[in-house]
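Worksheet: one structure, shown below.
Numbering (the working numbering), first residue to last: 5 to 327.
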């Protein structure tokens with residue numbers, strides 16, 4: 005009789021805590037695979053932590069509105085990533101999400117900020133964008149913005165970001181007396197974003213004073229420019245750029261949307277002075293083999309871009325990458 009009473013249904017308890025022991029809440033904006041996890045996570049932790057952590061939670065909630073901006077700064081400092089900010093402007097319907105990359109050493113007031121954007125259907129988190137911006141920001145600041153697939157809307161976002169930088173510089177007293185003209189503007193992007201950069205530059209040139217003897221000083225950093233479209237060659241906006249504009253093309257030698265021989269012919273016809281950086285083995289998305297070199301090459305293109313803006317890239321064509 006005693007041994008029969010010792011038998012019980014205790015083994016049902018241990019598997020429950022094991023099922024609720026998952027922790028995947030540290031990742032943000034993950035794929036659909038992360039969706040089921042949050043439902044399992046709160047089961048066990050809530051019952052154990054409610055009594056012990058109720059006090060600290062209330063203090064965090066009370067200070068949350070006061071520490072919104074410091075939180076962005078702490079994240080960027082700890083991960084060496086960009087600071088996140090939002091820009092609003094009358095010309096755009098929705099707020100613009102931006103990633104601000106700051107060099108380790110404070111740039112001089114004369115160092116312009118590159119306004120950069122991603123390609124069609126891409127995001128600011130795309131490897132090609134992050135790698136380039138990280139490399140560029142080793143010496144010069146970058147303001148990268150998220151845009152839609154609408155080309156006209158992307159152009160307006162360039163102007164909104166430019167207005168933000170101008171007002172920010174004015175508040176800091178970093179802008180010199182330049183009348184009403186825009187001087188020292190650096191615009192760029194990859195793929196469709198580079199087309200939008202050229203169009204935004206054209207807008208700035210058309211808005212300059214007709215009586216001015218010195219057109220705006222505009223530099224364009226065009227990464228993976230989509231020269232060859234499905235039905236046409238997108239060369240006219242490049243050919244229309246005046247000689248006062250400087251252009252840097254950064255293209256992979258395996259980029260089907262920007263064949264080097266076709267680009268070479270366009271460059272010879274352009275009035276604007278241009279330079280070319282060729283990434284050996286890279287396609288339109290700046291993917292290379294081995295994949296381990298992709299980040300290295302991507303950051304190097306950013307470094308070369310900053311050197312060119314600073315006037316330190318003298319060669320007409322620079323080749324990099326490849327083994």
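All C-beta atoms in this analysis are idealised placements derived from N, C-alpha and C, irrespective of residue type, glycine included.
When secondary structure is reduced to three states using DSSP, residue 92 falls in the coil class, being assigned neither helix nor strand. Judged by DSSP secondary structure, residue 324 falls within the beta strand (DSSP E) whose first and last residues are 321-325. The Cβ atoms of residue 326 and residue 284 sit closer than 8 Å to each other. Secondary structure within the segment 196-263: the beta strand (DSSP E) runs of 3 or more consecutive residues, fully enclosed, are 222-227, 250-256 (chain order). Straight through space, the alpha carbons of residue 191 and residue 244 are spaced by roughly 17 Å. Just measuring C-alpha positions, the residue of 295, 296, 188, 260 sitting nearest residue 249 is 188. Nearest to residue 229 by C-alpha distance, out of 222, 303, 106, 200, is 200. In the same chain as residue 111, and ignoring 5 residues on each side of it, the C-beta atoms closer than 7 Å to its own belong to 144, 145, in chain order.
Counting along the chain, the unbroken beta strand (DSSP E) around residue 191 starts and ends at 189-194. By the neighbour-count criterion, in which a residue is buried when 16 or more other Cβ atoms sit within 10 angstroms of its Cβ, residue 156 is exposed. Judged by their CB atoms, residue 165 and residue 270 are not nearer to each other than the 8 Å cut-off. In the displayed model, residue 296 falls within a helix according to three-state DSSP.
Take residue 322, set aside five residues on each side of it, and the residues of its chain with a beta-carbon closer than 6 Å to its own are 281, in chain order. The C-beta distance from residue 162 to residue 204 rounds to 4 Å, short enough to meet the 8 Å contact threshold. For residue 277, the enclosing beta strand (DSSP E) begins and ends at 277-284.
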